[in-house]
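Here the structure is laid out as structure tokens; the discussion comes afterwards.
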Amino acid sequence: MHYEELQNRTSKRIRIYKHIDRVNQCVSSSETPLYPITIDIYPTNICNSKCNFCLFHNTNMDRAMLSREVFNKMIDSIIDMKVRAVSFAGGGEPSLHPDLADGIIRLTNAGVKVGVITNGICISDQLCDALQKCTWVRFSLLTNCAEEYNLLTGNDAKIFQRVANNIERVTKYRSSDSDLTVGVTKLISSDLQDEVEIYSFIDFVKELGVDQIFLSEKKQFVGVPSGFEKKRYKNAVKKIQTYARNAEVAININKFTSSENNKYLFKNVNEKCEIMNINLTALITAEGKVYPCTNQYLAGGISLGDINKIPLERIYLRDNIEEKAAIIQQGICKGCKSANTVKEIVLYRNTGVTKKCKDLHDDFL
Ligand code: SF4
Numbered sequence: 028m029h030y031e032e033l034q035n036r037t038s039k040r041i042r043i044y045k046h047i048d049r050v051n052q053c054v055s056s057s058e059t060p061l062y063p064i065t066i067d068i069y070p071t072n073i074c075n076s077k078c079n080f081c082l083f084h085n086t087n088m089d090r091a092m093l094s095r096e097v098f099n100k101m102i103d104s105i106i107d108m109k110v111r112a113v114s115f116a117g118g119g120e121p122s123l124h125p126d127l128a129d130g131i132i133r134l135t136n137a138g139v140k141v142g143v144i145t146n147g148i149c150i151s152d153q154l155c156d157a158l159q160k161c162t163w164v165r166f167s168l169l170t171n172c173a174e175e176y177n178l179l180t181g182n183d184a185k186i187f188q189r190v191a192n193n194i195e196r197v198t199k200y201r202s203s204d205s206d207l208t209v210g211v212t213k214l215i216s217s218d219l220q221d222e223v224e225i226y227s228f229i230d231f232v233k234e235l236g237v238d239q240i241f242l243s244e245k246k247q248f249v250g251v252p253s254g255f256e257k258k259r260y261k262n263a264v265k266k267i268q269t270y271a272r273n274a275e276v277a278i279n280i281n282k283f284t285s286s287e288n289n290k291y292l293f294k295n296v297n298e299k300c301e302i303m304n305i306n307l308t309a310l311i312t313a314e315g316k317v318y319p320c321t322n323q324y325l326a327g328g329i330s331l332g333d334i335n336k337i338p339l340e341r342i343y344l345r346d347n348i349e350e351k352a353a354i355i356q357q358g359i360c361k362g363c364k365s366a367n368t369v370k371e372i373v374l375y376r377n378t379g380v381t382k383k384c385k386d387l388h389d390d391f392l
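For the sequence shown, the residue numbers in this note's numbering are 28 to 392.
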């Protein structure tokens with residue numbers, strides 16, 4: 028639907044230039060709480076799949092879920108705080124939270140942009156309608172082969188077909204002026220040995236009405252090949268790009284193969300984190316804990332507070348943030364996913380120069 032805009036967007040780190048007002052806000056006022064631009068929410072840790080690569084196997088066990096009361100209060104707070112974008116994703120499978128559809132409707136009616144990452148197994152009619160109001164939905168389809176899907180997720184061919192049908196239901200309901208982008212995740216090996224599969228995957232998802240493919244590395248990552256293999260690799264990338272362009276399906280093969288893919292950088296001891304100090308992002312987990320970023324949660328870091336105990340907006344009172352940020356800052360952050368955004372903020376602060384951002388999803392930092 029938005030092929031050119033999706034395929035020719037600027038790098039994700041450039042999205043910060045759409046929020047320079049917010050970056051400057053911390054300089055102009057030291058008392059007003061600064062609320063996140065983007066919040067990722069894990070509404071439940073319960074999952075209906077058993078993907079062998081899942082990051083959340085341990086947390087899935089506790090079957091935590093935001094209670095109806097806490098979930099609804101959180102939605103009210105997000106609207107009052109004028110958060111610009113919310114994504115519902117992991118922990119478990121977000122579609123298993125009974126209030127997800129209602130939450131999406133309330134947020135989008137209030138002007139908050141919403142994205143959802145789902146395995147697509149359980150899309151009720153109510154959720155299918157709510158997804159139409161989202162900015163993007165990403166289905167973890169992983170493959171177009173039912174046998175491989177079974178190996179990756181433990182689910183049989185019937186479930187695979189159901190996911191494909193659900194993707195098609197969502198794309199078919201779209202009106203001609205819809206802003207919804209429908210994406211799918213595809214697992215590939217980064218040496219592109221499975222190149223041929225990608226072509227049939229592109230054909231498959233094109234038929235389902237999908238706009239965008241996100242390639243993700245299979246577990247057996249072996250890195251970019253060297254020597255004579257490089258030539259075959261470069262040719263493969265070019266061929267995949269051309270094939271996807273002809274099908275008008277956006278694909279992140281460039282990002283997947285570029286040096287920017289080495290994005291998980293380190294924050295050293297006592298190094299300032301611009302993301303955390305001015306609360307650009309947040310993660311709310313199924314246990315109700317609020318973290319400055321996904322990485323703090325996954326690394327067992329320190330939470331900023333608990334929405335079961337205090338309202339979300341109060342967690343952002345300056346005293347609390349300064350206390351927690353000082354502790355987090357003393358440590359090392361291994362594999363910060365926002366390191367490139369932080370670099371852009373530092374560059375902007377040093378030079379005052381802004382860059383042009385061309386990105387349909389620029390509110391999702
Ligand atoms: S992981 Fe990155 S964004 Fe998160 S607190 Fe550390 S440096 Fe900041």
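For glycine and all other residues, C-beta sits at the position ideal for the given N, C-alpha and C.
Since this is a predicted model, take the numbers as computed values, not measurements.
- DSSP lists Gly-210, Ala-277 as the beta-bridge partner residues of Gln-239.
- Runs of alpha helix (DSSP H) with 4 or more residues, each lying fully within the region 293-340, are found at 301-304, 321-325, listed in chain order.
- Going by beta carbons, Tyr-176 and Phe-166 fall outside the 8 Å limit.
- A Cβ-Cβ separation of about 12 Å leaves Ala-313 out of contact with Met-88 under the 8 Å criterion.
- In this structure, the alpha-carbon of Gln-356 lies about 42 Å from that of Val-190.
- Not one heavy atom of the ligand SF4 sits closer than 7 Å to the Cβ of Asn-295.
- Per DSSP, reduced to three states, the secondary structure at Arg-201 is coil, with no helix or strand assignment.
- Assignment of Thr-65 by DSSP, reduced to helix, strand and coil, places it in the strand class.
- Shown here for Glu-195: same chain residues with a beta carbon closer than 7 Å to its own, the five before and five after excluded, namely Leu-235, Gly-236 in chain order.
- For the pair Thr-212 and Cys-78, the CB atoms are not nearer than the 8 Å cut-off.
- Per the Cβ contact rule, the region 367-387 is not in contact with the region 136-147 (fewer than 3 Cβ pairs under 8 Å).
- Proximity to the ligand SF4 was defined by a C-beta distance below 6 Å to any of its heavy atoms, and the residues meeting it, in sequence along the chain, are Lys-294, Cys-300, Ile-302, Met-303, Pro-319, Cys-320, Asn-322, Gln-323, Ile-355, Cys-360, Cys-363, Ser-365.
- Beta-bridge analysis with DSSP links Arg-165 to Ile-144, Gly-210.
- In this structure, Gly-130 lies near Phe-98, with their beta-carbon atoms less than 8 Å apart.
- Selection Gln-268, Lys-245, Tyr-270, Ile-278 evaluated against Gln-239 yields Ile-278 as nearest (Cα-Cα).
- Exposed is the label assigned to Asp-183, since fewer than 16 other Cβ atoms lie within 10 Å of its Cβ.
- Taking the C-beta atoms as reference points, Ile-311 is found no nearer than 8 Å to Ser-365.
- Assignment of Glu-58 by DSSP, reduced to helix, strand and coil, places it in the coil class.
- DSSP, read as helix, strand or coil, puts Glu-244 in strand.
- When secondary structure is reduced to three states using DSSP, Val-110 falls in the coil class, being assigned neither helix nor strand.
- In this structure, Ser-122 sits near Thr-145, with a CB-CB distance shorter than 8 Å.
- Our two residues, Lys-185 and Thr-170, have alpha carbons roughly 14 Å apart in a direct line.
- Judged by DSSP in its simplified three-state form, Gly-119 adopts coil rather than helix or strand.
- Assignment of Gly-362 by DSSP, reduced to helix, strand and coil, places it in the strand class.
- Under the three-state reduction of DSSP, Met-88 is assigned to coil, being neither helix nor strand.
- By the neighbour-count criterion, in which 16 or more other beta carbons inside 10 Å mark a residue as buried, Phe-228 falls on the buried side.
- In the DSSP annotation of this structure, the continuous segment of the alpha helix (DSSP H) that includes Cys-155 starts and ends at 152-158.
- In this chain, Lys-39 is not harboured by any alpha helix (DSSP H), its DSSP state being neither H nor E.
- Here the alpha carbon of Asn-297 sits roughly 27 Å from the alpha carbon of Thr-381.
- Beta-bridge partners of Ile-215 (DSSP): Glu-244.
- Within a 10 Å sphere around the beta-carbon of Leu-344 sit fewer than 16 other beta-carbons, which makes this residue exposed.
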